[in-house]
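Heads up: the structure comes next, in structure tokens.
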Amino acid sequence: MQWLGKLSNKAIALLGLVALCHVLAPQSPKAQTTSVAVVDRNLVTRDSLAAKGMRELIDQRYQRYQSEIRDAQNALEKARDELKRQSSKLDSETLKQRRTEIRQQATELSRVLQSRKSELDQMFNRGMAQIDEALNDILKTLASERGINMIVNATKSRRIVLFIDKNLVLTEEALKRLNKQLPKVELVVTPPPPAKGR
18 MQWLGKLSNK AIALLGLVAL CHVLAPQSPK AQTTSVAVVD RNLVTRDSLA
68 AKGMRELIDQ RYQRYQSEIR DAQNALEKAR DELKRQSSKL DSETLKQRRT
118 EIRQQATELS RVLQSRKSEL DQMFNRGMAQ IDEALNDILK TLASERGINM
168 IVNATKSRRI VLFIDKNLVL TEEALKRLNK QLPKVELVVT PPPPAKGR
């Protein structure tokens, strides 16, 4: 009984619920069999044509944004250097005004950077939602076709499954069907707000 003290309240409640369900389950003359299959969901979503195409589009957009931001940062640095060089020649009011302008440009650059990051994150999340929805439909279809009662996610990082018969693994079939059903995702690209001062 020492082991009972080590169980959490949730684990005890779960064990009790399982036992109760077993007792209350209708008994048929023929015992129901449970059929379990396994899929590496991360592998399917990562290696699908749709995910690869989505990542390529997002990477292209990221590279374009990086170039824009790098150009804006360089222009900002040049403006700062120029102000430093001229600071001894400028009156205090003009110097103060130019510093304020440079701060505003830096703030705007930071805002644009956050906006671009948010846009890329939203594109990725919307694309993954499409992939997840299609994969869920495919897994339900596979389960129905094969008389499967439960599909377990066998993503390696989660270490849920320690051993499985290869014949129960649906990963390759799910990937093949996902590539056929959803070869690419439609990414809605919202035009970024125009940068101020351009």
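Heads up: the sequence shown is residues 18 to 215, going by our numbering. Glycine included, every Cβ here is placed at the ideal spot set by N, Cα and C.
Distance CB(residue i)-CB(residue j) smaller than 7 Å
{"i": "Leu-195", "j": "Ala-151", "result": "yes"}
{"i": "Leu-185", "j": "Ala-54", "result": "yes"}
{"i": "Ile-75", "j": "Met-167", "result": "no"}
Rounded Cβ spacing between residue i and residue j (contact assumed at less than 8 Å)
{"i": "Ser-104", "j": "Leu-112", "result": "6 Å"}
{"i": "Arg-13", "j": "Leu-137", "result": "Examination of residue 13 is not possible in this model, given that the chain is present from 18 through 215 alone."}
Environment of residue i [buried if 16+ CB atoms lie within 10 Å]
{"i": "Leu-205", "result": "It is worth fixing the name first, because residue 205 is Val in this sequence and not Leu. Result: exposed."}
{"i": "Ala-191", "result": "buried"}
{"i": "Ser-65", "result": "buried"}
{"i": "Leu-107", "result": "exposed"}
Neighbourhood of residue i by C-beta, 6 Å cutoff - its chain only, sequence neighbours within 5 removed
{"i": "Thr-62", "result": "Ala-68, Ile-148"}
{"i": "Gly-164", "result": "Ser-52"}
{"i": "Leu-100", "result": "Arg-115"}
{"i": "Ser-84", "result": "none"}
Own chain, CB closer than 8 Å to residue i, minus 5 neighbours either side, in chain order
{"i": "Ile-86", "result": "Leu-126, Val-129, Leu-130, Arg-133"}
{"i": "Lys-157", "result": "none"}
{"i": "Pro-200", "result": "Leu-66, Ala-67, Gly-70"}
{"i": "Leu-60", "result": "Thr-172, Thr-188, Leu-192"}
{"i": "Ser-174", "result": "Asn-59"}
Proximal residues to residue i (C-beta, below 7 Å), its chain only, five neighbours per side dropped
{"i": "Gln-198", "result": "Ala-151, Ile-155"}
{"i": "Pro-208", "result": "none"}
Query raised in the report: What alpha helix (DSSP H) runs, 4 residues minimum, are completely inside the stretch 136 to 161?
Result: Taken in chain order, the complete alpha helix (DSSP H) segments of 4 or more residues contained in the stretch 136 to 161 number zero; there are none.
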